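**Student:** Quick note on numbering: the sequence shown equals residues 132 to 346 in the numbering used here.
Every residue gets a Cβ at the ideal spot worked out from N, C-alpha and C, and that includes glycine.
This structure is a prediction, so every number in the text was calculated from the model and none was measured.
Can you read through this structure? Questions will come right after.
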Amino acid sequence: MKKLAAVILALVMTASLAACSNGGGSGTEETLTPASAIESTNEETTAPESTAAAELQSGDSGEGEKTLDSDFCTVTIPEGLQYKVNSYYHDEDALGSIKIDFGKNGTTEGRLEVSTTRMIKSIDDAVEECIRVRNLDTYEEGKSEIGEEVTYGDTTYKEVKLSQEYGAETCLVSYYKRADGKDIYVEIKTTQNDFDKLPIDDPLVQELAKSAVYK
Numbered sequence: 132m133k134k135l136a137a138v139i140l141a142l143v144m145t146a147s148l149a150a151c152s153n154g155g156g157s158g159t160e161e162t163l164t165p166a167s168a169i170e171s172t173n174e175e176t177t178a179p180e181s182t183a184a185a186e187l188q189s190g191d192s193g194e195g196e197k198t199l200d201s202d203f204c205t206v207t208i209p210e211g212l213q214y215k216v217n218s219y220y221h222d223e224d225a226l227g228s229i230k231i232d233f234g235k236n237g238t239t240e241g242r243l244e245v246s247t248t249r250m251i252k253s254i255d256d257a258v259e260e261c262i263r264v265r266n267l268d269t270y271e272e273g274k275s276e277i278g279e280e281v282t283y284g285d286t287t288y289k290e291v292k293l294s295q296e297y298g299a300e301t302c303l304v305s306y307y308k309r310a311d312g313k314d315i316y317v318e319i320k321t322t323q324n325d326f327d328k329l330p331i332d333d334p335l336v337q338e339l340a341k342s343a344v345y346k
């Protein structure tokens, strides 16, 4: 009788152990997403409004922050500046230019000009071209002064000061070599006269110069 009870007890314990081993897991693995990963998917990144090269047209205007993409450059107008695309044209031979006027007070206090029609081959050529088109020798007080090189973003500019009896301009002038040989003339100018005064070293002008990518 004692032997029979021992056998029954052993069978009961074996069945209990087998049930525990089968019920300990669901049979599938569950992957937990860390809280940091959940938070990162919920974060929103704010990018400046942009205009594609195919959409940009002469006469377009607005306020920063706005990225303007043309066939010759991409530039971001910083918040605090207004802009107007003064002119924009290009042909199938990659010849053309874009001129973007900008200012703080609803007036044209500066201009970015990027052109492939100036036939220059160096930054020194660009400086000479900047001075040449002003025809300063036709003014009684016309004069120019070439300053130091400055770097904004990935571009090195040379500062040029121009003046005559009707006002003054300061330009950041640069040169960009293209693979197709249609090299780029770059000029960022600001005016200093009785009505419109925007220093070339204004933080917003510096932001614009830093953002410009020539292509």
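Indicate whether the contact test is met: 3 or more Cβ pairs, each with one atom in the stretch 215 to 224 and one in the stretch 183 to 193, closer than 8 Å.
**Tutor:** Result yes; three or more Cβ-Cβ pairs closer than 8 Å.
**Student:** Leaving out five residues on either side along the sequence, give the residues of the same chain with a beta carbon under 8 Å from the beta carbon of Asn324.
**Tutor:** Residue mapping note: residue 324 aligns to position 193 of the sequence shown, counting from 1. These residues qualify, in order along the chain: Tyr297, Gly298, Ala299.
**Student:** Please list, in chain order, all residues of the same chain as Lys292 whose beta carbon is under 6 Å from its beta carbon, the five residues on each side excluded.
**Tutor:** In the sequence shown, the residue the question calls residue 292 occupies position 161. Cβ neighbours of Lys292 beyond the five flanking positions: Glu276, Thr301.
**Student:** Which residues in the same chain as Glu210 place their Cβ atom closer than 7 Å to its Cβ, once the five residues preceding and following it in sequence are excluded?
**Tutor:** For the purposes of this step, residue 210 is taken as the residue at position 79 of the sequence shown. Cβ neighbours of Glu210 beyond the five flanking positions: Gly195, Glu196.
**Student:** How close, in whole Å, do the beta carbons of Thr247 and Phe203 come, if the pair is a contact with beta carbons under 8 Å?
**Tutor:** For the purposes of this step, residue 247 is taken as the residue at position 116 of the sequence shown. For the purposes of this step, residue 203 is taken as the residue at position 72 of the sequence shown. Contact holds; Cβ gap of about 7 Å.
**Student:** Using CA coordinates, which residue listed in Leu329, Asp285, Glu259 is at the minimum distance from Met250?
**Tutor:** Taking the first residue of the sequence shown as 1, we reach residue 250 at position 119. Taking the Cα of Met250 as reference, the smallest distance to any Cα among Leu329, Asp285, Glu259 is reached at Glu259.
**Student:** Which value, in whole angstroms, describes the spacing of the CA atoms of His221 and Ser201?
**Tutor:** Walking along the sequence shown from the start, residue 221 turns up at place 90. Walking along the sequence shown from the start, residue 201 turns up at place 70. Approximately 10 Å, taken between the alpha carbons.
**Student:** Tell whether a beta-carbon distance below 7 Å holds between Ser294 and Lys320.
**Tutor:** Taking the sequence shown and counting its residues from 1, one reaches residue 294 at position 163. Taking the sequence shown and counting its residues from 1, one reaches residue 320 at position 189. Contact: no.
**Student:** For the stretch 167 to 244, which segments carrying the beta strand (DSSP E) assignment without a break, of at least 3 residues, lie completely within its bounds, in sequence order?
**Tutor:** 180 to 182, 192 to 194, 197 to 200, 204 to 208, 213 to 221, 227 to 234
**Student:** Can you tell me where the alpha helix (DSSP H) holding Ile254 begins and where it ends?
**Tutor:** The residue labelled residue 254 in the question sits at position 123 within the sequence shown. Start and end: 254 to 263.
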